[in-house]
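One point on numbering: in my numbering, the residue at position 162 of the sequence shown is 162, and numbering is uninterrupted. We treat Cβ as the ideally placed atom computed from N, Cα and C, and that holds for glycine. Bear in mind the structure is a predicted one, so any value in this text is a computation, not a measurement.
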Amino acid sequence: MLLKDVQTQPYRSLDELWTLVRDIQTSYQHSKTYTYIYWGELDTLSHQVGPGDRQVREKWDDFVRGLEVFVRSRQGRAGRDTMLLLSADHGQIPTEIQEDYDLRNHPDLVSHLVMLPSGEGRLPFLFVKPGHVGKVAASLARKWGDQFQMAPAEKVLAAGLLGSRPPCAETVERLGRQVVFPRGNAYWWWVNKENRLHGRHGGLSREEMLVPFFALEI
């Protein structure tokens, strides 16, 4: 979406999306194109009400109906000259809003950090003050038992959790000194605003990491 010479086409609804897709297909029917479509409503709604909520399934059903109409309109043509790929950038898990996961309620823990965590609430990166790693580990165990595990950033990189290639300097800088791995549906919240998220992603659970991938010639 951000590459040079990319043409961006906004839309506000699913109806507009499928109309736009058909218009693009018609406009470029005699030339090769690569069309990237991002539909974010499912992600937004899952954050708001939780990924298992009925509203999320209904929204997905709306998308599928539009997709079916588009695919059938293409299959009625002579020849197949379009490869349709369908996937997701991540999954989600349901997360209850719990005050105990709000770091604003744990100033003693935050006092061991140079700054508030970065990264995701489901995978926080900690900039721990020199000599305070043991205190942070003890604080995690005392407050939450085994819900949050911590590992040195260099071990996380060496294990290939952020990619198999050598990390760039910016990645190392942003990773901090320690990485926290929430277990189950645990998370942290440290943003200075009300926590309203009933769905989250960014962790290492199957639900968050495994995504579907479909390919269809039309």
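One or two residues paired with residue i in a DSSP bridge
i      : result
TYR124 : Checking the displayed sequence, the identity of residue 124 turns out to be Pro instead of Tyr. Paired residues: GLY119.
ASP102 : TRP189
ILE37  : DSSP lists no partner for ILE37.
GLY91  : In the DSSP output, where bridge partners are listed per residue, GLY91 has none listed.
ARG200 : ILE93
LEU113 : VAL128
Residue range of the beta strand (DSSP E) that includes residue i
i      : result
SER46  : Looking at the DSSP string, SER46 is not in any beta strand (DSSP E); the run it does join, the alpha helix (DSSP H), is 41-49.
ALA215 : 213-217
VAL250 : The chain is shown only over 1 to 218; residue 250 falls outside these bounds and no answer can be derived.
SER87  : 83-87
ALA151 : 148-152
Minimum C-alpha distance to residue i - residue among the options
i      : options                           : result
SER123 : GLN149, THR44 and ILE24           : Here residue 123 is Leu; the residue named in the question, Ser, does not match the sequence. Measuring from the Cα of LEU123, the nearest candidate turns out to be GLN149.
CYS26  : LYS59, HIS47, SER73 and ASP43     : Looking at the sequence provided, one finds Thr at residue 26 rather than Cys. If we check each option's Cα against that of THR26, SER73 comes out closest.
PHE214 : GLU173, HIS47, ARG57 and LEU67    : LEU67
THR95  : GLY52, ASN192 and ARG77           : GLY52
HIS106 : TRP144, HIS47 and PRO152          : TRP144
VAL133 : THR82, PRO152, ILE218 and LYS59   : PRO152
PRO117 : GLN55, ARG174, ARG65 and PRO130   : ARG174
ASN195 : GLY121, ARG77 and ASP81           : GLY121
GLU99  : PRO212, GLU217, ILE218 and LEU197 : LEU197
LEU2   : GLU41, TYR36 and GLY76            : TYR36
GLY119 : ARG54, GLU58 and THR171           : THR171
LEU103 : VAL71, ASN192, GLY163 and VAL6    : ASN192
Nonlocal neighbours in the same chain, by C-beta distance under 6 Å from residue i, ignoring five residues either side
i      : result
LEU20  : GLN9 and TYR11
TYR101 : TYR187, TRP188 and TRP189
SER139 : LEU109
LEU85  : ALA215
ARG22  : none
ILE24  : THR35
HIS277 : This structure cannot settle anything about residue 277, because the visible part of the chain is limited to 1 through 218.
Cutoff 8 Å; reference residue i; Cβ partners in own chain excluding five residues on either side
i      : result
MET115 : PHE127
TRP39  : LEU14, LEU17 and PHE63
LEU210 : GLY91
Element boundaries [alpha helix (DSSP H), containing residue i]
i      : result
PRO107 : 107-110
GLY134 : 133-144
ARG174 : 169-175
ILE24  : 14-27
ASP5   : That residue, ASP5, is in no alpha helix (DSSP H); it is neither H nor E in DSSP.
LYS129 : Taken as a continuous stretch (DSSP letters only), LYS129 belongs to no alpha helix (DSSP H), as it is neither H nor E.
GLU219 : Here the chain covers residues 1 to 218 and nothing more, so residue 219 does not appear.
ARG80  : Element bounds for ARG80: n/a, residue is neither H nor E.
GLU194 : Here GLU194 belongs to no alpha helix (DSSP H), and DSSP marks it neither H nor E.
ARG206 : 206-209
Beta-carbon contacts of residue i that lie in its chain and below 7 Å, excluding the five residues immediately before and after
i      : result
LYS4   : none
ASP146 : ARG183
GLN75  : ILE218
CB contact below 8 Å: residue i versus chain D
i     : result
HIS90 : As a matter of chain content, chain D is missing from the structure shown, which is built from one protein chain.
Query raised in the report: Looking at C-beta atoms only, is the number of pairs between the stretch 192-209 and the stretch 79-96 that lie closer than 8 Å three or more?
Result: yes
Query - Stretch-stretch touch, CB-based, cutoff 8 Å, three pairs: the stretch 165-175 with the stretch 191-202 - result: no
Query raised in the report: Is the stretch 151-162 touching the stretch 103-110, taking contact as three or more C-beta pairs under 8 Å?
Result: no
Requested in this report: Could you tell me whether the stretch 24-38 touches the stretch 177-188, using the rule of 3 or more Cβ pairs below 8 Å?
Outcome: no
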